[in-house]
Amino acid sequence: MTQPAPLTPRSHQVRIWDLPTRLFHWLLACAIVALVITAKLGGNAMNWHLVLGQVVLALIIFRLLWGVVGGRWSRFAHFVHTPSALLRHLRGQGSVEEGAGHSPLGALSVFAMLLALVAQVATGLLSDDEIAFSGPLTRFASGDTVAAATNYHAHWGQYLIYALVGLHLLAILGYSLRRKGLARAMVTGDKQLPSPVPAARDTAATRALAAALAVLSSGIAWWVNSLGAGGGF
Numbered sequence: 018m019t020q021p022a023p024l025t026p027r028s029h030q031v032r033i034w035d036l037p038t039r040l041f042h043w044l045l046a047c048a049i050v051a052l053v054i055t056a057k058l059g060g061n062a063m064n065w066h067l068v069l070g071q072v073v074l075a076l077i078i079f080r081l082l083w084g085v086v087g088g089r090w091s092r093f094a095h096f097v098h099t100p101s102a103l104l105r106h107l108r109g110q111g112s113v114e115e116g117a118g119h120s121p122l123g124a125l126s127v128f129a130m131l132l133a134l135v136a137q138v139a140t141g142l143l144s145d146d147e148i149a150f151s152g153p154l155t156r157f158a159s160g161d162t163v164a165a166a167t168n169y170h171a172h173w174g175q176y177l178i179y180a181l182v183g184l185h186l187l188a189i190l191g192y193s194l195r196r197k198g199l200a201r202a203m204v205t206g207d208k209q210l211p212s213p214v215p216a217a218r219d220t221a222a223t224r225a226l227a228a229a230l231a232v233l234s235s236g237i238a239w240w241v242n243s244l245g246a247g248g249g250f
């Protein structure tokens with residue numbers, strides 16, 4: 018188990034990332050790695066690729082919902098920063114609260130990753146390899162749309178995600194070298210901050226709400242996949 022960083026007289030331990038947000042983060046990371054592996058292996062591994070695509074769709078739906086009703090620092094409203102806040106952050110002059118959750122630059126990377134994943138899943142739903150697999154929404158789209166979606170999903174989309182994941186890992190490394198505790202916070206949920214900020218709600222009630230939203234998200238993902246016989250991502 019990861020041990021919390023020692024507290025100093027001017028250090029405040031604050032719950033920033035609630036458990037549902039942390040579980041989402043690590044499940045998404047594992048799913049993306051598994052999707053890449055199964056896509057490269059091809060053959061029978063594509064059956065798992067299709068299942069994992071459905072998992073990622075459910076995770077994205079959950080995160081969009083949790084971004085509205087989740088813990089304080091997981092809500093989109095609390096990591097949409099102004100251009101002036103971004104400039105302060107780049108100059109190293111940002112406030113503690115502006116960097117407690119997602120920093121202005123980190124928030125941009127989160128939105129970029131979510132948009133890239135939405136595009137990848139959406140094009141997967143519309144993809145057709147003309148051999149064994151077709152997305153469940155292909156029957157609702159024209160041939161040209163399916164061809165464009167397939168090309169994006171198999172090429173540009175995956176390269177964009179590779180680039181964003183690489184930048185994310187570099188950012189984590191940079192924060193770790195500066196002893197910001199970014200990776201530790203996504204495991205324990207807590208950050209050591211120089212001044213107190215409001216903590217995220219992370220109670221039995223909020224976790225029960227998250228579980229209900231996870232079930233709802235899974236149901237929506239299953240329904241989308243059921244729109245096409247033998248469809249996939």
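Per this note's numbering: the sequence shown ends with 250, consecutive numbering throughout.
The beta-carbon is built from N, C-alpha and C at its ideal position, and this holds for glycine as well.
In the DSSP assignment, V31 falls within the unbroken beta strand (DSSP E) covering H29 to R32. The alpha carbon of A217 has as its nearest neighbour, out of H95, A164 and I237, the alpha carbon of H95. Taking V72 as reference, the option from V86, G88, V50 and A221 with the minimal CA-CA separation is V50.
The beta carbon of P37 sits closer than 7 Å to the beta carbons of W83, G87, R224 and A227 from its chain, once the five residues preceding and following it are set aside; these are given in chain order. Counting every other CB atom within 10 Å of its CB across the protein chains shown gives S112 a total below 16, marking it as exposed. A202 sits close to W34, with the two beta carbons spaced by under 8 Å. Taking every protein chain shown into account, the CB of E147 has fewer than 16 other CB atoms within 10 angstroms, so this residue is exposed.
Burial check for D161: the Cβ neighbour count within 10 Å stays below 16, so the residue is exposed. Look at Q110 here: in three-state DSSP terms it is coil, with no helix or strand label. Fewer than three beta-carbon pairs drawn from the stretch 54-72 and the stretch 88-108 are found closer than 8 Å, and the two stretches are therefore not classed as touching.
For S151, DSSP records a beta bridge to D145. Look at L244 here: in three-state DSSP terms it is coil, with no helix or strand label.
A Cβ-Cβ separation of about 5 Å places L52 in contact with L69 under the 8 Å criterion. Here the C-alpha atom of P121 lies approximately 22 Å from the C-alpha atom of S28.
H170 and N242 have their C-alpha atoms roughly 17 Å apart.
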